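First the structure, in the form of structure tokens, and then the observations on it.
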Amino acid sequence: MLCCPHKDKKFSQGDKKQETLRFVLLEFFEMVSTSCTSTNTALDQLCVTWLVPLCWEEVSIMDEKNIPIRTYQVCNVLEPSQNNWLRTDWIPRSGAQRVYVEVKFTLRDCNSLPGVTGTCKETFNLYYHESNEDRESYIKESSFIKVDTVAADESFTQVDVGDRIMKLNTEVRDVKVTTKKGFYLAFQDVGACIALVSVRVFYKTCPLTIRNLATFPDTVTGADTSSLVEVRGSCVNRSEEREEPKMYCGADGEWLVPIGGCFCSPGYEERGGACKACTAGFYKARSVDPACAKCPPHSYSLRDGATVCDCHTGYFRADSDPASMSCTQPPSAPQQLISVVNETSVVLEWAPPRRLGGRSDAIYSVECLICKRSISNSQTCLPCGSDVLFSPSQLGLRTTRVVVSELKAHTRYTFTVHARNGVSRASGAGSAPSVSVSVTTNQAAPSPVSMIQVLDVTRHSLLLSWQQPDRPNGVILEYEVKFYEKDQKERSYRIMRTFSQTVDVTGLSPLTVYVFHVRARTAAGYGDFSSPFEFSTNSDPFPLIGEGVNSAFLLLSVSGVGVLLLISAAAFIISRRSKYSKTKQDSEEEKHLNPGVKIYVDPFTYEDPDQAIHDFAKEIDVSSIHIEKVIGMGEFGEVCSGRLRLQGKREIYVAIKSLKAGYSDKQRRDFLSEASIMGQFDHPNIIRLEGVVTRCKPLMIITEYMENGSLDAFLRKHDGQFTVIQLVGMLRGIASGMKYLSDMNYVHRDLAARNILVNSNLVCKVSDFGLSRVLEDDPEAAYTARVGHIPIRWTAPEAITYRKFTTSSDVWSYGIVMWEVVSYGERPYWDMNNQDVMKAVEEGYRLPAPMDCPVVLHQLMLDCWERERAERPSFSQILNMLDKLIRNPGTLRRTGGDRPTGTMLESGLGSEVCVSVVPEACVPEWSVYEWLQSIGLEIYRETFAAAGYNNLESLLALTHQ
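Everything in the sequence shown is counted per my numbering, starting at 2 for the first residue and increasing by one.
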């Protein structure tokens, strides 16, 4: 499947079956009479009002090969204001929407005609008139529409005629004819010496073609020179639709952008653009298979067009087997079955069958029978009960070992192991091959006790009872009871033994939970303990409220509040003083303190761009991509939308960039480098690269599909339809993506609303990494632009002047993006040219706040546009501020007014919380009461006030006493 249009071979005009142009020949006729020069008054008047007295004449001449040809000539150059018309017959347009007129003519040079200065012309005019019927014998001049004034590239003189040098001119003009069934052409002479040799009228079609096994009919091109006519194809015989086949007929008569196509039906393959039947000995099972394949081993086909090959006698194919799989046989019986008896458990092991039948899906099942001999010495076998356990299972075994447990003691069992594979049922051979073994179980310990009940409870004792185990496996000799306090778990426990099924446990603590386990013993030994059962003794009377309370503990608790207050106050004040002093340092050292931060690698450092693609991008099979439509033109070729379905994943919509044909090595490297850049990023606000196609042409870059397109166009389309919080949410997403890029030591260089894409959930994602480059290791380093094109309106002054790009210059661009978002896609600096913009910014001019822009947002823009790049906020600081604005939407209501020193948000305590990106600009002072209220200790307000603690600074003097 190809995203980009490509050209089929061109046919010569002599190929009548597949010519790309259809010609409509036209015949001229004299409009009135060749006697326009008559002195008859009626004819004169007719000539004056319509053709003028001197008209075109039909003349037979000889061409340069002495072949007679018919021409229409006029040469009235001595009289001024000539208006001589020649009209064609009615021409049906036959469905054409744009026709082309090819005129071949000769024209005499006015300079070679003496005495005609001022009256001789060297041009003529071409007109047309649309009409539904061929009944208009008289058409007013005003009814004709002018197509063009036609001039000659070559003109002749009298000498040329004498030397028989024919200087023939050929001119082609196109005319849009869409409203009527046909049209007339007319030629107006305004005083030239001209001869029309031939006129050819034609229109263009995209010829009948077959593409991707779909037939596209002969199609007339569109009315406009840039229009594309969408045409749906139909699958050829013996084929079925893979995806709706479509192509676009271009204005030049060439087919463009094939989408979808057809597959040859099962039993047929593509040969020469048609579906041909598979020959005997070959088959094709599915339409998606590329071609007929030879029958797999142990199978055959005797007819053409086979969809599956039949198996040889004795060989079979399972229902789930693909047609490409060899026919196989059932397995033979398992080998070397051995058994090991352990009391009432048996371990069975065996070897795989000697013959697996050519398959690897052999499974085993174990049949269990209880066999007893009667008095007459005959043996009776019955299936084992459902209480017998098989580990890992009884049926569908992939291993050659199974443990059978929960058998009865002193009982004879017969175990049979069957072997099957995928064709065992298809073979119809009856029961599967098997091997058997008989064993007798030994004496076994009893099974665990299933239930314990309590019969009586006191403060210091518990009377317990239980039932005999489900499988005693002999005579129960005694029971053992293990118990311990629940809190102690099994670190300290006691054991009691009894011959009965009850026990009275004494010497217990009141109001205590105990855990009990019981097991039984036979001559074969003890069985397993039961699961735990919990019972509690009765309690003592509750103590009075307050009894036993340690006064020292109470004193410690009260004094602890003071210590807590002192520590909290000191920590709060110290943190307020030092909160912002390390902000910039922490931001700069964050990547160095965290060795796990991923650092961007510039693909331009690779000598081989294919190696960079291999390292950073996933190769996608072109068959997984389904192109649906063209959505735009990119720098390197067309951009399409479509669907991507990878194995094991759900189908997703994607955008597909393709590299147009005829690319240079540099264009290929630049195209692949963008994918190498995107492939290094993994963030919800960075456009996601799905993969690339480099192993076939055209080369493609596959990214996630953003339904709402670019941010600037999206905002202009929905002007005024979003709340401020929604706009801040968009800005927050962009800032988050840019923080991720800056943390990777990456500079974008072209951050603008046009390079931000928006999906259906209004999530904004940074895209377009064509101009971006990497920073050096030095945090103060910058990138020097390799190209001269810089987006002036979005670029920081130092980047324009010195070609030095840093994360700080990206922050400047982010401020412009903020202005674009709040103004709903308005053009920055409006209609000022780039020189005026640079001069204004250098002189200190900054964009004013857009209409209804909150003060806090415009202040953030101004901070991003600081002249000194070191004074601009980092993306981490910008992100923190936007988060505070979202959590405190009340501050966004304020618009206009003076620029504040710091931006304050209202808090729930009636005070203010600073959210400025310049933290030192606003450090609001809390009262002692507000601080106590924030930590939930406002009840001590009067105590602190009485002691003279009126501000947070005074709390630093607080002591334990």
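C-beta atoms are modelled at their ideal positions from N, C-alpha and C, and glycine is treated no differently.
Predicted model, so just to flag it, every value in this text is computed and none were measured.
What are the partner residues of H130, as DSSP defines its beta bridges?
-> Note: H130 is bridge-paired with Y185 in the DSSP secondary-structure output.
With DSSP as the reference, label Y930 as helix, strand or coil.
-> In the three-state reduction of the DSSP assignment, Y930 falls in the helix class, which pools H, G and I.
Outcome for W813 when other beta-carbon atoms lying within 10 angstroms are tallied against a minimum of 16 = Buried is the label assigned to W813, since at least 16 other Cβ atoms lie within 10 Å of its Cβ.
Note down, in chain order, each residue of its chain lying with its Cβ closer than 7 Å to the Cβ of D587, except the 5 sequence neighbours on either side.
-> Confidence at D587 is low in this model, with a pLDDT of 46, below 50, so the placement of that residue should be treated as unreliable; the coordinate-derived value is given next. Counting only Cβ-Cβ distances below 7 Å, and skipping sequence neighbours, we find nothing.
Take S761 and list the residues in its own chain whose beta-carbon comes closer than 6 Å to its own, dropping the five residues that flank it on each side.
-> Leaving aside the five residues that flank S761 on each side, the residues in its chain whose CB is nearer than 6 Å to its CB run, in chain order, E708.
Residue range of the unbroken alpha helix (DSSP H) whose run includes A196 = Run containing A196: none in the alpha helix (DSSP H); it sits in the beta strand (DSSP E), C194 to C207.
Residues near S132 by beta carbon distance below 7 Å, same chain, minus five either side | Once the five neighbours on either side are set aside, the close Cβ partners of S132 are W91, K181, G183, F184 and Y185.
In DSSP terms, what Q74 is bridged to = For Q74, which the question treats as bridged, DSSP gives the partners E58 and A196.
Same chain only: Cβ atoms within 7 Å of R847, ignoring 5 sequence neighbours per side = Within the same chain, and ignoring the five residues on either side of R847 in sequence, the residues whose Cβ sits closer than 7 Å to its Cβ are L863 and W866.
Going straight from the alpha carbon of I687 to that of Y601, what length do you get?
-> Straight-line Cα distance between these residues: approximately 14 Å.
How big is the Cα-Cα spacing for S501 and E479?
-> Separation of S501 and E479 (C-alpha to C-alpha, rounded to the nearest whole angstrom) is 7 Å.
Which of helix, strand or coil DSSP assigns to G633 | Here G633 sits in strand by DSSP.
Closest residue to R755 among G826, F723, R413 and V458 (Cα-Cα distance) = Answer by Cα proximity: G826.
Can you tell me which of the three DSSP states F530 falls into?
-> Coil.
CB contact flag (P434, G528, <7 Å) | Not closer than 7 Å, so no.
By Cβ distance, which residues of its chain are closer than 6 Å to M701, with the 5 residues on each side in sequence left out?
-> Residues of the same chain with a CB within less than 6 Å of the CB of M701, apart from the 5 flanking positions on each side, are I657, S659 and V694 in chain order.
Would you say the stretch 438–445 touches the stretch 390–401, given that touching needs at least three Cβ pairs under 8 Å?
-> Counting Cβ pairs under 8 Å, fewer than three are found: no touch.
In or out: W697 buried (at least 16 other Cβ within 10 Å) or exposed?
-> Contrary to the premise, residue 697 reads as Cys rather than Trp in this sequence. Around the beta carbon of C697, fewer than 16 other beta carbons lie within 10 angstroms, which makes this residue exposed.
Measure the alpha-carbon distance for A420 versus P335 and round it to whole angstroms.
-> Roughly 6 Å between the two C-alpha positions.
Inspect the CB distances between the stretch 218–232 and the stretch 137–154 and report whether three or more fall short of 8 Å.
-> Flag = no, the stretch 218–232 and the stretch 137–154 do not touch.
Measure the alpha-carbon distance for N422 versus D320 and round it to whole angstroms.
-> Computed Cα separation, rounded: 12 Å.
Give the secondary structure of R304 by DSSP, where H, G and I count as helix, E and B as strand, and everything else as coil.
-> Coil at R304, not helix or strand.
With distances taken from CA atoms, which of G234, Y101, A275 and Q83 is nearest V191?
-> Among G234, Y101, A275 and Q83, the Cα nearest to that of V191 belongs to Q83.
Cβ pair T415, L349 closer than 7 Å | No, the pair does not count as a contact, with Cβ atoms beyond the cut-off.
According to the neighbour-count rule (16 or more other Cβ atoms, all chains shown, within 10 Å of its Cβ), is E608 buried or exposed?
-> Classification of E608: exposed, given that the 10 Å Cβ count is below 16.
Identify the residues that DSSP records as bridge partners of C265: which are they?
-> DSSP output for C265 lists S240 as bridge partner(s).
Under the rule that 16 or more other beta-carbon atoms within 10 Å means buried, what is S156, buried or exposed?
-> Around the beta-carbon of S156, 16 or more other beta-carbon atoms lie within 10 Å, marking it buried.
What is the DSSP secondary structure of K409, reduced to helix, strand or coil?
-> It is coil, neither helix nor strand.
Skipping 5 residues on each side, what residues in its chain have a beta carbon closer than 8 Å to that of F283?
-> For F283, where only same-chain residues beyond five positions count, the Cβ hits under 8 Å are C293, A294, K295, C296, S302 and A307.
Out of Y515, G710, Q489 and V482, point me to the one whose CA is closest to F530's CA.
-> The shortest C-alpha separation from F530 is found at V482.
Taking the alpha-carbon positions, what's the L647 to G692 distance?
-> Within the model, the alpha-carbon separation for L647 versus G692 is close to 11 Å.
Could you work out which residue in E65, V818, E799 and E103 is closest to L758 when comparing CA atoms only?
-> The shortest CA-to-CA distance from L758 to any of E65, V818, E799 and E103 is the one to V818.
Pair within 7 Å by beta-carbon distance, P332 and P354 = Yes, the Cβ-Cβ distance between P332 and P354 is below 7 Å.
Mind checking which residues open and close the beta strand (DSSP E) that includes S877?
-> Under the DSSP assignment, S877 falls outside any beta strand (DSSP E), being part of the alpha helix (DSSP H) whose first and last residues are F876 to R888.
What number of angstroms, rounded off, separates the C-alpha of I62 from the C-alpha of P69?
-> Going from the Cα of I62 to the Cα of P69 covers about 6 Å.
Taking the continuous alpha helix (DSSP H) assigned at W820, which residues delimit it?
-> Unbroken alpha helix (DSSP H) run through W820: T808 to V823.
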